[in-house]
Amino acid sequence: MHADRTIGTGGVGLVGTVDSLAPEVLWQCTTRAACVEVYPVSIEQLPKIVDLRRYQVMEEAEAPEMIQGALSSLESRGHPFAGSRFSRMDWTEGLGVPVVSSVTEEIEVLLWVGCSGALVERNQKSIRALASLLNLAGVRYAILGREEKCTGDLARRIGHELLFEQLAQENIAKLKQYGMKKVATSCPHCFNSFRNEYPRLGEGFETLHHSEFLGQLIKAGRLNATPSDWRQLAFHDPCYLSRHNGITQAPRELLAQVSCRPITESERSGCASFCCGGGGGMSFVDEPAGQRVNQERSRELLETQANTVAVGCPFCTIMLEDGIHSLKGDWSIEVKELSELLLEAVENKAEGWRLEAELNGGRRIMDLNLTAEETQFRDEFRAWLEANLPKEPLERNGRKTSPDYWKSLREWQCKLFAGGWAGVSWPKEYGGRGATPIEESIYLEELVAAKAPERVGVIGEGLVGPTIIASGTKGQKEKFLPRILDGTHIWCQGFSEPNAGSDVGSLATKAVREGDEFLVNGQKIWTSFAQIADWCLLLVRTDFEAPKHKGISCLLVDMKSDGVSVRPLRQMSGEAGFNEVFFTNVRVPADHLLGELNEGWKITITALMHERVSLGSGLYVMFKAALNELIQQAKSLTQDGETLAKNPIHRQKIAQAYLELEIFRLNSNRALSEITNNVPPGPEGSILKLFWSEMNQRQAQTAMEVLGDRAQLEEFDGGKWIYRYLRSRGNTIEAGTSEIQRNILAQRVLGLPRGY
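So the sequence shown is numbered by the numbering used here: it starts at 54 and just counts up by one.
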């Protein structure tokens, strides 16, 4: 589109004079309908704006590029986002959400999930909370699952009337096919379509916003909440709930179950609420320069001095999180969807946290003091280490790879097991101690602080064992778990491939069932410990027609099998801990399938979840030790007659490294506190991984600059400084690249859309 064109032909605008209305102006309307009420009555600007959009889209075939992408996805996928319709069910994992096509009994209500709830990661948390509440209330409900499509609201607001009617008719036919009469949804846009627009097409449904339906469950005694006394709530009224449908009380009655404090109303609220900026398709359009709508609304909400902004719309959730956090500059103000807040109150989490729910400018206070039990755990392990550490310390930088070195590490693993210090977080029935996350963190800190040998069984203990515990058969548990703990079996993890690193779902290693065996062919890369491993947790593709995440299985593979070939990859640091592994007609017994066939993606998620638990604790101690060594060197080494520590530039660099290390420690403690108190996992893992990997590179760079040319020599201080510098280069690649972590934070924290 061109800015100098007006809407119409022959240079004459459809509204006013030639230069009265440029096409791009049409896409600045959020359709909140305030103009219809505020300006002279009965002009009805909104329908005219939508009509003009219809002309642009359906007659001129012109619309902003992002709108065109959304329309294309609506036509081909049934939703406006990137990704397959097959991922509509991903949010249900572990919740036992029933799908209407497989339900035999009569259901009370159809839960209409909506595209944003099903496919936008931030909003998946909200819809999971809603499903959890329905489960707790014993509601007989179901979803359409992969058969659900967009209600067509976006298509109609954009101006593609034909597409709206097509989607609407398909949804109406689907609901009639299953005999649905009652629909509940958390999306006001979907709600408006069902309540006001579908009846005009010949079919009406009893439609409830989830605030209304949850309120009914509370009044019927099917849900019982305990309000907290520390949340000060402000509520943002969604335009399509309040202005368009007059529903303002139901959300507020629900929030009375969440907090004992009265709601703090913003300047514009209720039916006079101000838009979040995401209506009318604006979620898919770049806003013009100047004041952003979501920031203007966010500023009003911040002026209430509330510590929590409650919302009742998935689009409002994304827009206000972005606006509030961009203005505030920190996370002290939470944006929470109604279902999330009510679930918290129903489960009484606010009262049970060890993070005291004290109000301090909207922040929760962490208690970082160890309990008596945790102190006893630490002192017991510290005493055991003092009595059992090898008298001659082993090289810890990974470059020493002789058979004697690996033998010593197996012996150390066996000693940990004999002392009861292997797999400390495993359940006691499987040989562990049932340690809490804080106790496991203490365990890792003490190992590093004592300069204990590296744990050659770290993958088996931290990743494979918990995964077998969660998904393995009785025979698999009996065969593998004891041998992981005592060091008999060393494990590696066969996930990444040359063309499937961060995107594990694209793996191509194949496994074909032949009788009682699987025949495996393919290649893995960056496989730690493969050169000495006895077994491999291997991801393979077993269904070659299914979408990429749906046809994966997990096998337990003997690394001594015929056809397994390992090729170490030497890095610039001099070590060769990573490997390429080739599988050529490798036969794996069918009873070594872990979990169900073609359900390996669930295994992957379980494994990766265990991979990162308490990682920050051990890393902090290691980084702190390296910084202390640098400080000691700076105090003792001289240049031009003065110690390195007297150089003001060196002092500034070391001070910066110290500050960053403390930031890492506090963020690690915050994440650990969340895990300890059963708060659902959030973006903490990505935040920590991104921060520590880049922080360690900066710390290594600082060491090289402070110590000077001598730090590059293998002869200086055992070569540890040049090794640390070279090895740190890999930190931002391994365990999820920095680019991947930033994408996760952009989508899950900032609510930014995926690219098309």
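Just so it is clear, CB atoms sit at the ideal spot from N, CA and C, and this is done for glycine as well.
CA-to-CA distance, residue j to residue i, given in whole angstroms
i, j, result
"Glu256", "Ile225", "7 angstroms"
"Leu99", "Arg210", "Low confidence applies here, because Leu99 scores a pLDDT of 49, under 50, leaving its location unreliable and the question unanswered by this model."
"Glu767", "Gln584", "25 angstroms"
"Leu590", "Leu609", "5 angstroms"
"Arg130", "Ala221", "15 angstroms"
"Tyr673", "Glu570", "45 angstroms"
"Gly789", "Phe258", "46 angstroms"
"Glu652", "Glu482", "26 angstroms"
"Ala325", "Leu294", "11 angstroms"
"Arg795", "Asp556", "15 angstroms"
"Asp693", "Glu758", "16 angstroms"
"Asp841", "Val399", "Lying outside 54 to 809, the shown extent of the chain, residue 841 is not represented and no answer is given."
"Phe744", "Gly783", "14 angstroms"
"Ala425", "Lys601", "49 angstroms"
"Leu725", "Ser246", "43 angstroms"
"Lys706", "Thr785", "21 angstroms"
"Leu308", "Gly274", "16 angstroms"
"Pro133", "Leu172", "10 angstroms"
"Ser461", "Glu445", "11 angstroms"
"Phe368", "Asn700", "53 angstroms"
"Thr755", "Ala710", "8 angstroms"
"Lys527", "Arg248", "52 angstroms"
"Ile740", "Phe327", "33 angstroms"
"Ser392", "Val166", "13 angstroms"
"Leu442", "Leu714", "28 angstroms"
"Ala698", "Arg508", "35 angstroms"
"Pro480", "Thr489", "10 angstroms"
"Glu214", "Leu207", "10 angstroms"
"Glu695", "Ile716", "31 angstroms"
"Ile605", "Met625", "34 angstroms"
Beta strand (DSSP E) segment containing residue i, residue limits
i, result
"Cys329", "Per DSSP, Cys329 belongs to no beta strand (DSSP E) and is neither H nor E."
"Cys168", "That residue, Cys168, is in no beta strand (DSSP E); its alpha helix (DSSP H) goes 168 to 172."
"Thr238", "235 to 238"
"Ala390", "The sequence given here has Glu at residue 390, not Ala. It spans 387 to 390 - the beta strand (DSSP E) in which Glu390 sits, taken as one unbroken run."
"Val605", "First, the amino acid is wrong: residue 605 is Ile here, not Val. Run containing Ile605: 605 to 611, per the beta strand (DSSP E) assignment."
"Ser618", "617 to 622"
"Lys563", "563 to 567"
"Glu259", "259 to 262"
"Lys577", "570 to 577"
"Leu592", "588 to 594"
Cβ distance (whole Å) where residue i is taken to contact residue j below 8 angstroms
i, j, result
"Gly804", "Glu374", "5 angstroms"
"Ile371", "Arg175", "6 angstroms"
"Ala278", "Val311", "7 angstroms"
"Ile491", "Glu427", "6 angstroms"
"Val639", "Ser614", "5 angstroms"
"Thr637", "Gly616", "4 angstroms"
"Arg350", "Cys366", "At roughly 12 angstroms, the Cβ-Cβ gap does not stay under 8 angstroms, so Arg350 and Cys366 are not in contact."
Limits of the unbroken alpha helix (DSSP H) element including residue i
i, result
"Val245", "Per the sequence presented here, residue 245 reads as Asn, with Val not at that position. Asn245 -> alpha helix (DSSP H) spans 241 to 245."
"Gln348", "346 to 355"
"Ala208", "206 to 211"
"Pro551", "Where Pro551 is concerned, there is no enclosing alpha helix (DSSP H), given that its DSSP letter is neither H nor E."
"Trp437", "425 to 441"
"Cys467", "456 to 471"
"Trp774", "773 to 781"
"Ala47", "Nothing can be reported for residue 47, as the shown portion of the chain is limited to 54 through 809."
"Leu307", "302 to 308"
> Quick check: the stretch 579 to 594 against the stretch 626 to 634, are there 3 or more CB pairs under 8 angstroms?
Replying inline: yes
> Does the count of Cβ pairs from the stretch 319 to 326 and the stretch 281 to 298 closer than 8 angstroms reach three?
Replying inline: yes
> Counting pairs of Cβ atoms below 8 angstroms between the stretch 147 to 156 and the stretch 182 to 202, do you hit three or more?
Replying inline: yes
>> Which complete beta strand (DSSP E) runs does the stretch 147 to 204 hold, if anything under 3 residues is left out?
In response: 162 to 165
>> Under 8 angstroms, with one C-beta from each stretch per pair, do the stretch 522 to 540 and the stretch 461 to 477 reach the 3-pair mark?
In response: yes
> Should the stretch 177 to 184 be called in touch with the stretch 199 to 206, which here means at least 3 C-beta pairs below 8 angstroms?
Replying inline: no
> Between the stretch 613 to 629 and the stretch 642 to 650, do at least 3 Cβ pairs fall closer than 8 angstroms?
Replying inline: no
> Is the number of C-beta pairs between the stretch 769 to 787 and the stretch 739 to 751 that are closer than 8 angstroms three or more?
Replying inline: yes
>> With a threshold of 8 angstroms, are at least 3 pairs of Cβ atoms found where one atom belongs to the stretch 679 to 692 and the other to the stretch 494 to 504?
In response: no
> Any contact of the stretch 295 to 308 with the stretch 266 to 276, i.e. 3+ C-beta pairs under 8 angstroms?
Replying inline: yes
>> Suppose only complete runs of 4+ residues qualify. What are the alpha helix (DSSP H) ranges in the stretch 501 to 534, listed by chain order?
In response: 518 to 524
> Along the chain, which unbroken stretches of the beta strand (DSSP E) at least 3 residues long are found entirely within the stretch 630 to 701?
Replying inline: 631 to 642
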